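Every letter in the sequence shown is one number past the one before it in my numbering, and letter 42, counting from 1, is 26. Don't be surprised by glycine CBs; every beta carbon is placed ideally from N, CA and C. Just so we're clear, the structure is a prediction, and the values are computed from it rather than from any experiment.
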Amino acid sequence: MENIAPYLSATSTILGLVFFVGIVWWAWSAHRKTANDESANLPFDLPDEYKKD
(Lines of atoms letter the chains of each structure in order from A and count residues from 1; the text may use other names and numbers.)
(Lines give C-alpha, C1' and ligand atoms only; values in the text may rest on other atoms or scores of the structure.)
Protein backbone atom coordinates (compact mmCIF):
# COMPACT_ATOMS: atom_id res chain seq x y z
CA MET A 1 0.00 0.00 0.00
CA GLU A 2 2.92 2.34 0.64
CA ASN A 3 4.12 1.91 -2.93
CA ILE A 4 0.83 3.10 -4.40
CA ALA A 5 0.47 6.27 -2.29
CA PRO A 6 2.76 8.47 -4.44
CA TYR A 7 0.91 7.37 -7.59
CA LEU A 8 -2.46 8.19 -6.05
CA SER A 9 -1.15 11.59 -5.00
CA ALA A 10 0.25 12.32 -8.45
CA THR A 11 -2.93 11.11 -10.15
CA SER A 12 -5.16 13.27 -7.98
CA THR A 13 -2.92 16.29 -8.61
CA ILE A 14 -3.05 15.77 -12.37
CA LEU A 15 -6.82 15.26 -12.34
CA GLY A 16 -7.27 18.42 -10.27
CA LEU A 17 -5.13 20.40 -12.70
CA VAL A 18 -7.04 19.04 -15.70
CA PHE A 19 -10.38 19.95 -14.12
CA PHE A 20 -9.11 23.43 -13.22
CA VAL A 21 -7.86 24.10 -16.75
CA GLY A 22 -11.13 22.76 -18.16
CA ILE A 23 -13.22 25.08 -15.99
CA VAL A 24 -11.06 28.08 -16.88
CA TRP A 25 -11.29 27.20 -20.58
CA TRP A 26 -15.09 26.86 -20.31
CA ALA A 27 -15.47 30.15 -18.41
CA TRP A 28 -13.39 32.12 -20.92
CA SER A 29 -14.80 30.48 -24.07
CA ALA A 30 -16.53 32.61 -26.69
CA HIS A 31 -19.99 31.11 -26.21
CA ARG A 32 -19.98 32.30 -22.56
CA LYS A 33 -19.44 35.96 -23.50
CA THR A 34 -23.09 37.00 -23.33
CA ALA A 35 -23.64 35.28 -19.98
CA ASN A 36 -20.46 36.83 -18.59
CA ASP A 37 -21.48 40.30 -19.80
CA GLU A 38 -24.92 39.93 -18.22
CA SER A 39 -23.38 38.79 -14.94
CA ALA A 40 -20.89 41.66 -14.97
CA ASN A 41 -23.67 44.24 -15.38
CA LEU A 42 -26.02 42.69 -12.82
CA PRO A 43 -25.01 44.99 -9.92
CA PHE A 44 -25.82 48.02 -12.05
CA ASP A 45 -29.24 46.67 -13.04
CA LEU A 46 -30.47 46.28 -9.47
CA PRO A 47 -32.45 49.10 -7.88
CA ASP A 48 -30.73 51.26 -5.32
CA GLU A 49 -31.53 50.01 -1.84
CA TYR A 50 -30.35 53.04 0.08
CA LYS A 51 -32.16 55.90 -1.60
CA LYS A 52 -32.58 59.02 0.45
CA ASP A 53 -36.16 60.24 0.25
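Using the C-alpha atoms, what's the distance from residue j back to residue i?
{"i": "V8", "j": "D32", "result": "33 Å"}
{"i": "I(-12)", "j": "I(-2)", "result": "15 Å"}
{"i": "W12", "j": "L26", "result": "18 Å"}
{"i": "K17", "j": "E(-14)", "result": "47 Å"}
{"i": "L30", "j": "L1", "result": "36 Å"}
{"i": "V5", "j": "S(-4)", "result": "14 Å"}
Helix, strand or coil for residue i, going by three-state DSSP, please let me know.
{"i": "N(-13)", "result": "coil"}
{"i": "W10", "result": "helix"}
Taking the continuous alpha helix (DSSP H) assigned at residue i, which residues delimit it?
{"i": "A24", "result": "K17 to D29"}
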